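In mature numbering (1 follows the signal peptide of the UniProt record, and there is no 0), the protein residues as written are -20 to -1, 1 to 169. Cβ coordinates follow ideal geometry from the N, Cα and C atoms, glycine included. These numbers come from a predicted model, not from an experiment. Here is the structure we will look at.
Next up, the structure:
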């Protein structure tokens, strides 16, 4: 039993060493995000497929900076049958004082059951100087969102966002694009 505990402890220590420090293969984040400028409404232009957004035709995120420096998160999703689904949570820096890599923890039954475990990584990979477009992902490249302050962007901006995502190693051929209001109207008829 003692030998098993020593092996288990040694394994945990080695695992901790293996994940410490920066991963040179991980996507590169922006140096810093001005959370005051970042707050407000962002429209999802496109995303990589993910289970929790499987029914979303249009999505938007509303961020509000709190006095403690954390960010209130309200994600809204309009389904194809015109129903709004919402998720509320809090975003906070993974490293105190750094705003490019955040944890997002949503208020749901699981996070209330096991606090601190159900959190996702929110890495800001790009934000335009005027804070009108952004790219957000995670270090595994499983999640990606192309965001804008408006529900649509012109073709030049769209291609710039796609190019920046591809440069970071994301597969943009799998993106799910925001449904237009016209597309939504057609599906409801």
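C-beta contact flag for residue i and residue j at 8 Å
i, j, result
"residue 87", "residue 99", "no"
"residue 24", "residue 158", "yes"
"residue 233", "residue 80", "Given that the chain is displayed from residue -20 to residue 169, the structure contains no residue 233 and the question cannot be resolved."
"residue 75", "residue 13", "no"
"residue 141", "residue 27", "no"
Length of the line joining the Cα atoms of residue i and residue j
i, j, result
"residue 30", "residue 63", "19 Å"
"residue 40", "residue 160", "13 Å"
"residue 9", "residue 145", "11 Å"
"residue 151", "residue 121", "8 Å"
"residue 153", "residue 115", "16 Å"
"residue 36", "residue 48", "31 Å"
"residue 71", "residue 143", "27 Å"
"residue -3", "residue 83", "Annotation note: pLDDT 37 at residue -3 (below 50); position unreliable, coordinate value reported separately. Approximately 21 Å between the Cα atoms of the pair."
"residue 32", "residue 109", "30 Å"
"residue 113", "residue 130", "9 Å"
Presumed contact (8 Å Cβ cut-off) between residue i and residue j, rounded CB distance
i, j, result
"residue 7", "residue 163", "Not quite, the Cβ-Cβ distance comes to about 30 Å (not below 8 Å), so this is no contact."
"residue 102", "residue 17", "That pair is no contact at about 16 Å."
Residue range of the unbroken beta strand (DSSP E) whose run includes residue i
i, result
"residue 84", "81 to 86"
"residue 102", "99 to 107"
"residue 17", "No beta strand (DSSP E) holds residue 17; the alpha helix (DSSP H) holding it covers 15 to 18."
"residue 144", "Per DSSP, residue 144 belongs to no beta strand (DSSP E); it is in the alpha helix (DSSP H), 135 to 147."
Min CB distance residue i to chain D below 8 Å
i, result
"residue 72", "Among the chains in the structure shown there is no chain D, since it carries only a single protein chain."
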